[in-house]
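Enquirer: Numbering (my numbering), first residue to last: 101 to 231.
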Amino acid sequence: MQWIWESIKHVYAVLAVVPIVPFLLVYFGFGAFTGDRNRAFRTAMDVTTILLIGCVAVLFNVIFRSSFGLYGILLVLLLGGGLLGNVQYRKRGAVDVKRIARAIWRLGFFVMGVFYVLLMCIGIGKSVFAI
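1. To the nearest angstrom, report how far apart G185 and V228 are at their CA atoms.
2. Distance, Cα to Cα, V147 vs G172?
3. Please state if the CB of L159 and the CB of F209 are separated by a distance shorter than 9 Å.
4. F215 by DSSP, collapsed to three states: which one?
5. Buried or exposed: where does V211 fall if 16 or more other Cβ atoms within 10 Å of its Cβ makes it buried?
6. Helix, strand or coil, according to DSSP, for R192 in the structure here?
7. Which residue comes first and which comes last in the alpha helix (DSSP H) that contains F168?
8. If you count every other CB in all the chains shown that lies within 10 Å of the CB of Y127, and 16 or more means buried, which is it?
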């Protein structure tokens, strides 16, 4: 049973290091399966967001020597959902939780993508100049 868990961790680690690979795999695979490129793009974003959150959390923890990375990301996502829910309630008088969750998740993809590139550059720069 332990080797299954270790295998899953290794596959996740490999996919999370270069998140463009799973994005392209899901995009082209799901696009070929369904024929709907827009839906394939959204599905690829959703899958890649999970990998980006994990990777950005680990990069944050390594660069800043803390253990707050994942908790900070989840906190920001929850705060963003609360703020977006407040705006939606004031505008429409009701809250559509599914729509808010989808919006926050998709915004998280772009924000995590930017932080991935930024933290990766900082990490590479730190390791190069530490020598």
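Quick reminder that beta carbons are idealized off the backbone N, C-alpha and C, glycines included.
Expert: Walking through what the data contain:
1. 43 Å
2. Here the alpha carbons of G172 and V147 stand approximately 20 Å from one another.
3. In this structure, L159 does not lie closer than 9 Å to F209 by Cβ.
4. helix
5. buried
6. helix
7. F168 -> no alpha helix (DSSP H), and no H or E assigned at all.
8. buried
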